[in-house]
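See structure below.
2 protein chains.
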Amino acid sequence: MLELVILGFLYDERLHGYDLRKRIAALTGHVRPIADGTLYPLLKRMEAAGLLTRELQPGQVAAPRHMLSLTSEGKKALLDRLREPDELFITDENRWFALLAFLRHLDDPAAQAAVLQRRLDFLTQPASFFWDGDRPLRAADFDDPFRQGLFTIATATTRTELKWLRETLATLTQVS
Amino acid sequence: MLELVILGFLYDERLHGYDLRKRIAALTGHVRPIADGTLYPLLKRMEAAGLLTRELQPGQVAAPRHMLSLTSEGKKALLDRLREPDELFITDENRWFALLAFLRHLDDPAAQAAVLQRRLDFLTQPASFFWDGDRPLRAADFDDPFRQGLFTIATATTRTELKWLRETLATLTQVS
DNA sequence: GAAAGATATCTCGTATCCGAGGTATCATGG
DNA sequence: CCATGATACCTCGGATACGAGATATCTTTC
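Each protein sequence line maps, in turn, to chains A and B. The C-terminal residue of the first sequence carries number 176 in the working numbering, and the numbering is unbroken. The C-terminal residue of the second sequence carries number 176 in the working numbering, and the numbering is unbroken.
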């Protein structure tokens with residue numbers, strides 16, 4: 001997931017690691033900044049994999065910086081991932097949100113619409129959190145107030161997302 | 001996170017691994033059932049740690065089952081975790097939701113209220129996803145429609161949760 | 001009675017990320 | 001001129017989870 005975020009940020013900007021770290025922190029409201037021990041080794045692996053290059057810049061403010069830029073393979077990797085349905089079919093909402101944050105880089109309304117459509121299909125498939133077999137669940141089906149709350153929150157979230165997905169799909173397909 | 005879920009399910013029920021696996025899958029709407037390779041080794045580690053015991057039962061339906069029960073340390077471990085604020089101060093919503101799913105086991109309205117209050121404090125702290133410094137963000141502050149959507153969904157979710165938290169806190173403190 | 005399928009558990013290699021700790025550079029204040 | 005703090009990068013051990021594959025039991029079906 002972090003790799004997707006890094007590719008997303010570096011797609012149209014040249015940043016050094018420390019700045020990238022701040023961008024990532026800002027994306028999640030500085031709630032849980034990623035650890036140095038996560039970011040820097042990943043950057044090295046991504047460099048070794050040919051996704052990005054670095055250029056050492058002598059220290060202006062403090063220690064020397066490693067300016068990072070995506071290679072063409074790096075850019076291709078991002079676009080491939082944005083189209084990649086596997087990223088969508090996961091419970092982990094953070095991953096879907098990370099994808100959404102950079103979907104603008106997919107420079108084609110039809111391709112963007114295809115991704116949103118897959119997400120919509122995923123959310124509306126019957127085997128979801130909101131169904132008991134083929135019967136829709138209600139908050140009252142849960143016996144304790146905390147699971148009722150969980151259900152209420154999840155329902156509201158999904159309803160909001162579905163509404164947004166349908167509206168956005170309408171404007172995207174209108175354009176093309 | 002999975003350990004919390006296992007403790008939650010076994011707190012008042014005796015289950016075998018395969019059944020536990022189905023319960024966990026149902027909790028997330030069968031969207032992403034956990035892998036055998038995740039569950040069974042974890043159960044072994046939890047047994048080694050003295051959190052649960054197993055009793056071999058000759059096969060009734062098919063292969064022999066390992067019936068699992070929490071030890072008193074296992075029950076204590078769940079209650080400790082439910083009270084543990086560290087579980088709340090994480091971006092990963094799944095973990096908070098998992099905690100919520102089993103908060104009923106915390107058999108004291110005041111303790112339950114304390115947990116919800118911490119979550120409320122966490123969501124309303126200014127350094128969040130919804131603030132740019134001390135200025136509240138709006139969807140219009142984002143330049144592309146996808147990040148607008150992300151913001152819209154996140155806002156609606158948080159608003160729903162805050163409303164529920166306040167209502168539930170009111171009834172919990174009313175009781176005590 | 002053989003094959004197929006559901007039940008039930010297990011091992012092992014891999015991927016992702018955290019967190020504690022370390023190192024080095026440069027600006028600022030005393 | 002020295003301490004402190006912000007900047008900037010790094011290593012290493014550990015935790016958590018996945019996924020492919022193996023194994024065994026029992027029932028149902030042909």
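Where a beta carbon is used, it is the ideal one built from N, C-alpha and C, also for glycine.
Residue i (DSSP reduced to helix, strand or coil)
| i | result |
| --- | --- |
| His30/B | coil |
| Leu15/B | strand |
| Arg138/A | coil |
CB contact flag (residue i, residue j, <9 Å)
| i | j | result |
| --- | --- | --- |
| Ala154/B | Phe97/A | yes |
| His66/A | Leu78/A | no |
| Leu103/A | Gln117/A | no |
| Gly149/A | Glu161/B | yes |
| Leu68/B | Leu2/B | no |
| Leu70/A | Leu52/A | yes |
| Leu165/B | Leu120/B | yes |
| Arg32/B | Phe9/B | no |
| Leu100/A | Phe146/B | yes |
| Phe151/B | Phe142/B | yes |
| Asn94/A | Asp80/B | no |
| Arg54/A | Leu43/A | yes |
| Pro109/B | Thr158/B | no |
| His105/B | Tyr18/B | no |
| Ala48/A | Ile34/A | no |
| Leu7/A | Lys75/A | yes |
Contact with chain A by residue i, beta-carbon distance below 9 Å
| i | result |
| --- | --- |
| Glu161/B | yes |
| Ile153/B | yes |
| Phe9/B | no |
| Leu165/B | yes |
| Ala111/B | no |
| Thr38/B | no |
| Asp144/B | yes |
| Arg104/B | yes |
| Leu150/B | yes |
Neighbour flag for residue i against chain B, beta carbons, 9 Å
| i | result |
| --- | --- |
| Thr173/A | no |
| Ala63/A | no |
| Asp92/A | yes |
| Arg45/A | no |
| Ala35/A | no |
| Val5/A | no |
| Thr124/A | no |
| Arg147/A | yes |
| Ala140/A | no |
| Ala77/A | no |
| Gly29/A | yes |
| Leu20/A | no |
| Thr168/A | yes |
| Thr181/A | No answer is possible for residue 181/A: it lies beyond the span of chain A, which begins at 1 and ends at 176. |
| Gln100/A | It is Leu, not Gln, that sits at residue 100/A in the sequence shown. For Leu100/A, the answer is yes, since a Cβ of chain B falls inside 9 Å of its Cβ. |
| Leu15/A | no |
Alpha helix (DSSP H) segment containing residue i, residue limits
| i | result |
| --- | --- |
| Leu10/A | 2-10 |
| Phe122/A | 109-124 |
With a floor of 3 residues, list each beta strand (DSSP E) that falls wholly inside the segment 31-99 of chain B, ordered by position along the chain.
52-57, 65-70
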